[in-house]
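Taken in sequence, the protein lines are chains C and Y.
FYI, in the working numbering the residues of the first sequence are 1231 to 1372.
FYI, in the working numbering the residues of the second sequence are 17 to 189.
By construction, the Cβ of each residue, glycine as well, lies at the ideal position given by its N, Cα and C atoms.
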Amino acid sequence: MKRELIPVTVLAACLLPGCAEHLNQRMFDENEQTQLEKRSYESRIFDTADKEKVMRGVISTLQDLSFVVERADFFLGTVSATRLGRNYQLRMTVSVRPKGSTQTIVRANAQFNVQPVEDPKAYQDFFSSLEKSLFLTAEVGE
Amino acid sequence: MKTILVAMSTALVLGACVRMPRDAFVVTPEELAQREMETRRYDGIKEGELLVASEEVLQDLGFNLENSDTKLGVLTASKQRSATSTGGILAAMFLGWGGASKDQVIRVCLVVRPVQATSGSAPAESHFVRITFQRIVRRFDNSHVGQTLNKEELYEIFFAKLSKSVFIEAQRI
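Following this line, the structure appears as C-alpha cells:
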C-alpha cells in the first residue's frame, strides 16, 4: 500500500462504520426531542389572516438578520434564505399558512452548516424580531 | 495528495467546531446600519413598475434571474465572475498556495415593499427597495468563502442606475 493512502484508510475506517447506523438519525433528524416539542418552538400563531402581510414581514425580518432570500413562493407560503458568515452558512425556511379564518401560523426551521438548529432560543429570537416587524404579538404554535 | 488529505481532515475537524453565533437571530446595530445602506424609498411609482425596472437594471449589470415572486416583490439573481488577481495567480502557480481567490458567484436579492406595510399613513405609491449583494468565492484549493458585501459604493451605484431607469430620485431611509 502506498504510504499516502494510509491516512485515507484510517479516516475511512473511523468514519464509515458510523454511516449506516446514523443514516436514519441524519435523514429524519432524530434526537431526544419529540416532533411535538420541535413544532412547538419552531411555530408561532399570529392573530391576522393577512398572509401577504405576514410573508412580507418574514422577508423583511430575514433581511434585517443579514439573510439573503433565495426563494419565495406566495402560493406555497414559503420563504428560503441563507446567511453567509466567514466560516459558516446558516439556512432557513419559513412557511406561512392560514389557521382557521382569523389566524396565521408561521413555522421556521434552520440549519447551521451541516447541523439542524435545535436551540429553542434561536427560534424565540427570530419570532421576537418577526413580532416587531409585524407589530403583532404571537402565541406559541401547535 | 497528502496536502489535500490534511486539508480535508482539518476541514472535517474544524467544521464540527464552528458554533452558531449566539445573536444569530437578533438584529444588531451593525445590521440596522446595513439596512440603511441597502434600502431606498421611491415615491410615485407602482410596485410592479419598480420591480420591472429593477430587473432590467440587474440584467444591465449582467445578472441572470434565478427566482421571482411578483406578489411578494422578490427577485433573486446571480452571476459567475473571475475573482483572480495577478498576485493570487502567481502565488498559486509558483508557490502552490491554494488560498488565493479563483472565481466567485455574486448573488443579489432585491425586495420591493410598500411603505404602507411599515407606516399606515404613507401614500399608496411609495415603496422601499432593498437590495443585498453576496458573494461566494472559490479559492484555488477549491475551498469556498462567503460574505455579504458592505461596500457602500456598490449600493450607491445600483440605486443611481435604478433612479435613472425610473426617472425618480431615491430617498435614503
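Nearest neighbour of residue i, chosen from the options [CA to CA]
i	options	result
residue 119(Y)	125(Y), 152(Y), 88(Y) and 143(Y)	152(Y)
residue 221(Y)	71(Y), 101(Y), 86(Y) and 60(Y)	Absent from the structure is residue 221(Y), since the part of chain Y shown begins at 17 and ends at 189.
residue 1290(C)	35(Y), 172(Y), 62(Y) and 130(Y)	130(Y)
residue 126(Y)	1272(C), 1280(C) and 1301(C)	1301(C)
residue 1344(C)	1320(C), 1307(C), 1292(C) and 1332(C)	1320(C)
residue 1267(C)	1316(C), 1362(C) and 1353(C)	1353(C)
residue 149(Y)	1274(C), 1314(C) and 1284(C)	1314(C)
residue 36(Y)	1296(C), 1342(C) and 1329(C)	1342(C)
residue 50(Y)	183(Y), 173(Y), 144(Y) and 165(Y)	165(Y)
residue 42(Y)	1264(C), 1318(C), 1309(C) and 1351(C)	1351(C)
residue 1296(C)	62(Y), 176(Y) and 39(Y)	39(Y)
residue 1316(C)	163(Y), 172(Y), 171(Y) and 179(Y)	163(Y)
residue 159(Y)	1303(C), 1283(C) and 1318(C)	1318(C)
residue 87(Y)	96(Y), 178(Y) and 68(Y)	68(Y)
residue 1374(C)	175(Y), 133(Y) and 189(Y)	Past the edges of chain C, shown from 1231 to 1372, lies residue 1374(C), and the structure says nothing about it.
residue 171(Y)	62(Y), 96(Y), 181(Y) and 52(Y)	52(Y)
residue 1327(C)	1265(C), 1264(C) and 1282(C)	1282(C)
First and last residue of the uninterrupted alpha helix (DSSP H) at residue i
i	result
residue 100(Y)	Counting along the chain, residue 100(Y) falls outside any alpha helix (DSSP H), and DSSP gives it neither H nor E.
residue 51(Y)	45 to 54
residue 1358(C)	1350 to 1364
residue 77(Y)	Counting along the chain, residue 77(Y) falls outside any alpha helix (DSSP H), and DSSP gives it neither H nor E.
Cβ neighbour criterion (16 or more within 10 Å) applied to residue i
i	result
residue 1277(C)	exposed
residue 1331(C)	exposed
residue 1294(C)	buried
residue 140(Y)	exposed
residue 103(Y)	exposed
residue 1287(C)	buried
residue 1273(C)	buried
residue 1334(C)	buried
residue 1348(C)	buried
residue 81(Y)	exposed
residue 144(Y)	buried
residue 1305(C)	exposed
8 Å contact criterion, which residue i and residue j should meet: CB distance rounded
i	j	result
residue 122(Y)	residue 142(Y)	Not confirmed; about 29 Å, so no contact.
residue 90(Y)	residue 98(Y)	Going by Cβ atoms, the distance from residue 90(Y) to residue 98(Y) rounds to 28 Å, so no, they are not a contact pair.
residue 6(Y)	residue 116(Y)	Residue 6(Y) cannot be examined here, being either before or after the span of chain Y that is shown, 17 to 189.
residue 44(Y)	residue 146(Y)	Actually they are not in contact, since the Cβ atoms of residue 44(Y) and residue 146(Y) sit about 17 Å apart, beyond 8 Å.
residue 124(Y)	residue 74(Y)	7 Å
residue 1368(C)	residue 1357(C)	6 Å
residue 1312(C)	residue 1298(C)	6 Å
residue 1275(C)	residue 1362(C)	Contact doesn't hold; Cβ gap of about 17 Å is too wide.
residue 1382(C)	residue 1336(C)	The question about residue 1382(C) has no answer here: the residues shown for chain C are numbered 1231 through 1372.
residue 1284(C)	residue 1364(C)	7 Å
Where the beta strand (DSSP E) containing residue i begins and where it ends
i	result
residue 1329(C)	1319 to 1329
residue 175(Y)	That residue, residue 175(Y), is in no beta strand (DSSP E); its alpha helix (DSSP H) goes 168 to 182.
residue 132(Y)	Run containing residue 132(Y): none; DSSP gives neither H nor E here.
residue 1309(C)	1308 to 1314
residue 1334(C)	1333 to 1342
residue 142(Y)	142 to 155
residue 164(Y)	160 to 164
Residue i: contacting residues in chain D (beta-carbon distance under 8 Å)
i	result
residue 78(Y)	No chain D is part of this structure, whose protein chains are labelled C and Y.
What ranges does the alpha helix (DSSP H) occupy inside the segment 1262 to 1287 of chain C, keeping only unbroken runs of at least 4 residues that lie completely in it? 1265 to 1272
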